[in-house]
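Quick mapping for you: the protein sequence lines, in order, are chains S and Y.
Everything in the first sequence is counted per our numbering, starting at 1 for the first residue and increasing by one.
Everything in the second sequence is counted per our numbering, starting at 257 for the first residue and increasing by one.
C-beta: ideal position from N, C-alpha, C; glycine also.
As the structure is a prediction and not an experimental result, all values here were calculated from the model.
In what follows, a single structure is set out as structure tokens and then discussed.
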Amino acid sequence: MLEIRNLYASVGEVEILKGINLKVKAGEVHALMGPNGSGKSTLAFVLAGKPGYVATSGKVTYQGEDLLGMKPEDRARAGVFLSFQHPVEVPGVRLDQFLRAGFNAIHKSKGLEELDPLKFDRMLRQRVKVVGIDPALTKRSVNDGFSGGEKKRNEVLQMAVLEPTLAILDEPDSGLDVDALRTVAQGINQLRSPEKAILLVTHYQRILNYVIPDFVHVLVDGRIVKSGGKELALEIEAEGYEKFEQPQEEAIQSPG
Amino acid sequence: MTTANKEVNTIASQGYKYGFVTDIEADVAPRGLNEDTVRWISAKKSEPDFMLQWRLKAFRYWEKLLQGQETPSWANVHYPPIDYQNMIYYSAPKTKEKLESLDQVDPELLRTYEKLGIPLEEQKRLAGVAVDAIFDSVSIATTFREELAKHGIVFCPFSEALQEHPELVQKYLGSVVPYSDNFYAALNAAVFSDGSFCYIPKGVRCPLELTTYFRINTAETGQFERTLIIADEGSYVSYLEGCSAPMRDENQLHAAVVELITHDNAEIKYSTIQNWYPGNEEGKGGIYNFVTKRGKCQGKNSKISWTQVETGSAITWKYPSVILQGDNSVGEFYSVALTKGYQQADTGTKMTHIGKNTRSKIISKAISAGHGNNTYRGLVKVMPKADNARNFTQCDSLLIGDQCGAHTTPYVEVRNSTAQLEHEAFTSRVDEDMLFYCNQRGLSTEDAQSLIINGFCKEVFQKLPFEFAVEATRLLELNLEGAVG
Chain S
1 MLEIRNLYAS VGEVEILKGI NLKVKAGEVH ALMGPNGSGK STLAFVLAGK PGYVATSGKV
61 TYQGEDLLGM KPEDRARAGV FLSFQHPVEV PGVRLDQFLR AGFNAIHKSK GLEELDPLKF
121 DRMLRQRVKV VGIDPALTKR SVNDGFSGGE KKRNEVLQMA VLEPTLAILD EPDSGLDVDA
181 LRTVAQGINQ LRSPEKAILL VTHYQRILNY VIPDFVHVLV DGRIVKSGGK ELALEIEAEG
241 YEKFEQPQEE AIQSPG
Chain Y
257 MTTANKEVNT IASQGYKYGF VTDIEADVAP RGLNEDTVRW ISAKKSEPDF MLQWRLKAFR
317 YWEKLLQGQE TPSWANVHYP PIDYQNMIYY SAPKTKEKLE SLDQVDPELL RTYEKLGIPL
377 EEQKRLAGVA VDAIFDSVSI ATTFREELAK HGIVFCPFSE ALQEHPELVQ KYLGSVVPYS
437 DNFYAALNAA VFSDGSFCYI PKGVRCPLEL TTYFRINTAE TGQFERTLII ADEGSYVSYL
497 EGCSAPMRDE NQLHAAVVEL ITHDNAEIKY STIQNWYPGN EEGKGGIYNF VTKRGKCQGK
557 NSKISWTQVE TGSAITWKYP SVILQGDNSV GEFYSVALTK GYQQADTGTK MTHIGKNTRS
617 KIISKAISAG HGNNTYRGLV KVMPKADNAR NFTQCDSLLI GDQCGAHTTP YVEVRNSTAQ
677 LEHEAFTSRV DEDMLFYCNQ RGLSTEDAQS LIINGFCKEV FQKLPFEFAV EATRLLELNL
737 EGAVG
């Protein structure tokens, strides 16, 4: 489904990704772990097409298409979903209306039925239940005044509504207490299916107790230095990232 | 600068749709302004003598202000001095003396309004809307007059009201905005050429939306119209004005005056969709919109509500206000002001509480994009006898990109300790992160923007008559369509 070949990417003048190779097949869950500043969020943003995150060389194909050549909204319409580490507030735009606009844009591009407000509301209410967030949040402005936990759950709700084929989850666990972590993990697990794939970016092993990955990759200084099964995450939990880190020529500042 | 940032920054006019010129022969006053010009205009309209005398007083007052260089300079707008002698103060399309029906209106004029989306032929009308069409200095057609007359409603060009209802005009003209109110009000009083006049008799609820559509066509012409609306006891009227002008390189002046009067238990709802030519992307040309609008809730339990969507003009200088004189009267101001390119807007309201238990509400939404500069300026004044006066003010700003500006200048003057005033304000910025977040949910940048802007403005749009709420939404979308996506 997703194939990343020798991907280099920069933010501004700074090169963050230095040759990423990764293959994700339908039905798989890949966990991408790494210390702060290793390039995890940068990879997520490059895949989603965030302006300013520029792939300088390499190739990314998604369902046989050149992903990097697509506009961000076209990637979303093709089924690529990014759960933001820091969800953005959109004041004045009600969550349910925002989601319906996105849902219908995706459906329209696929030639599927667009839902009127009533039909959409029925579907949304059912998803709200599944994700376990307060239904009143859907009548409020997107993420505006939401708590940290509510924002994270809202990302999972949006994923449940938009039903992506490839979900890239950028630290969906950061800042959550155990209960919230469990509901977020449940929401993620519900997306698992033979047709869909998940790339789960995380700093801590904790969430992987609930979302069991098929593969774990360790990202250090813009490169995947080790790949393995779920036991690799436990190894990191026990020993930290230090042993994967090679001596560096200089400290690299990076936003992700 | 990143790509999206550039996109955000280059949101400019996608092209002004109403910028064409109508080729028609015009009857034009000699360039410049002196007493003779005032007399010329008054004679042109065969006005009663009281009108001419009032104009002349206004002119002399204005001249004094001009000589004393007392032109208003307190607003947060910047423009070179205006040469008042290098302007034309009256221009009218040459037509027959008096039109009996629409069939006699020059087809070229009808086509103009058709192009603007305002069909004047009654069979093609918008359901429930009566239109007065003002072209440069004169009214060219008013629809539905007979229908309105059945209810005793007078809705006609101002010049006609002067002939047919001089007593009403004399009684109310200048009673809310005296000619000495300010520089532009004095100028308007001296040279105003036409406008709409409306009288709703006691107990009548006007069955139609009344609309005036202002169009500036002739070059180097100022438009000075005057609107006077009187709602007698227990009556109700909803009135809407729309405006547009051709694209020209030189600036044109529009200095209008609007006066509203409500008697006991009456209500006037006044909406504006202002789309004057804003100038080009470098800020060349465009209309200077220097307007004085004020309503007086003269009677008890009366209500005046202003709703405005300001998207055009190079410079907007406008403060639709309400004098709350009658006890229990209510004043409202709902505003969306959009500035993009190099547009400047200094707009807001004045609520003057005089009567007891008077209430006012101010909702101002300012949107700035490109190099636009938007200022909210408002005054809430509570007089000593206004027991239990209440005001709620909310002024919000939305910034698109990082080259634009938004300023909020609320003034409060309270002389009664029972007054309750609330003020809320917030500013948000549409930045590339917000747009990317929307893109990531499948929305194009343009759809995302229109969603954000509509969300931001919805409290105001809800106040517009239904047909025009749709138009206002489209207008904003059109204005913000740019080099994006």
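- Around the C-beta of residue 146/S, 16 or more other C-beta atoms lie within 10 Å, and the residue is accordingly described as buried.
- In summary, residue 600/Y is buried, with 16 or more beta-carbon neighbours lying within 10 Å of its beta-carbon over all protein chains present.
- Here residue 519/Y is buried: its Cβ has 16 or more other Cβ atoms, across all protein chains shown, within 10 Å.
- According to the DSSP secondary-structure assignment, residue 650/Y is paired through a beta bridge with 619/Y and 680/Y.
- In this structure, residue 547/Y places its C-beta atom within 7 Å of the C-beta atom of residue 574/Y.
- By the Cβ criterion, the segment 525-542 of chain Y is in contact with the segment 559-572 of chain Y, since at least three pairs of Cβ atoms, one from each stretch, lie closer than 8 Å.
- Taking 7 Å as the threshold, the shortest C-beta distance from residue 68/S to chain Y does not fall below it.
- As the crow flies, the alpha-carbon of residue 346/Y is around 7 Å from that of residue 449/Y.
- A distance of 7 Å or more separates the beta carbons of residue 614/Y and residue 576/Y.
- At least 7 Å separates the beta-carbon of residue 478/Y from that of residue 607/Y.
- The Cβ atoms of residue 649/Y and residue 679/Y lie closer than 7 Å to each other.
- The contact set of residue 77/S on chain Y, defined by CB atoms closer than 9 Å, consists of 698 in chain order.
- Distances from the CA of residue 90/S to each of 686/Y, 453/Y, 493/Y and 721/Y were compared; the closest alpha carbon is that of 686/Y.
- Not a single CB atom of chain S sits nearer than 7 Å to the CB of residue 653/Y.
- For residue 694/Y, the three-state secondary structure derived from DSSP is helix.
- Nearest in C-alpha terms to residue 341/Y, of all of 728/Y, 288/Y and 295/Y, is 288/Y.
- If you look at residue 183/S, you'll find it in the alpha helix (DSSP H) that goes 178-191.
- In the DSSP secondary-structure assignment, residue 215/S is bridged to 30/S.
- For residue 680/Y, the nearest beta carbon of chain S is not closer than 7 Å to its own beta carbon.
- Annotation: residue 456/Y to residue 423/Y spans about 15 Å, alpha carbon to alpha carbon.
- Around the beta carbon of residue 641/Y, fewer than 16 other beta carbons sit within 10 angstroms, so the residue counts as exposed.
- The beta carbon of residue 569/Y does not come within 7 Å of any beta carbon belonging to chain S, so the residue lies off that interface.
- The beta carbons of residue 417/Y and residue 453/Y sit about 4 Å from each other, so the pair counts as a contact at 8 Å.
- Along the segment 153-168 of chain S, the positions whose C-beta sits under 9 Å from a C-beta of chain Y are 158 and 162, read in chain order.
- Within chain S, the residues 50, 51 and 52 have their CB atoms less than 9 Å from the CB of residue 688/Y, given in chain order.
- Contact annotation: residue 348/Y and residue 602/Y have beta-carbon atoms that are not nearer than 7 Å.
- Residue state for residue 435/Y is assigned as coil, using DSSP reduced to three classes.
- Excluding its 5 nearest sequence neighbours in each direction, residue 151/S has C-beta neighbours in its own chain below 7 Å: 87 and 143, listed in chain order.
- Shown in chain order are the members of the segment 94-105 of chain S whose Cβ falls below 9 Å from a Cβ of chain Y: 94, 97, 98, 99, 101, 102, 103, 104 and 105.
- Contact annotation for residue 88/S against chain Y: 689, 690 and 693 [CB-CB distance below 7 Å, chain order].
- Looking at 182/S, 121/S, 209/S and 134/S, the one whose alpha-carbon comes closest to that of residue 161/S is 121/S.
- A straight line joining the alpha-carbon of residue 670/Y with that of residue 645/Y spans about 10 Å.
- Distance between residue 141/S and residue 616/Y, taken at the CA atoms: about 27 Å.
- Against chain S, the CB of residue 684/Y has a partner CB under 7 Å away; the residue lies at that interface.
- Among the residues of the segment 700-711 of chain Y, those with a Cβ less than 7 Å away from any Cβ of chain S are 700, 703, 707, 708 and 711, in the order of the chain.
- In the pairwise beta carbon analysis, the segment 35-46 of chain S is classified as not touching the segment 106-118 of chain S: fewer than three pairs are separated by under 8 Å.
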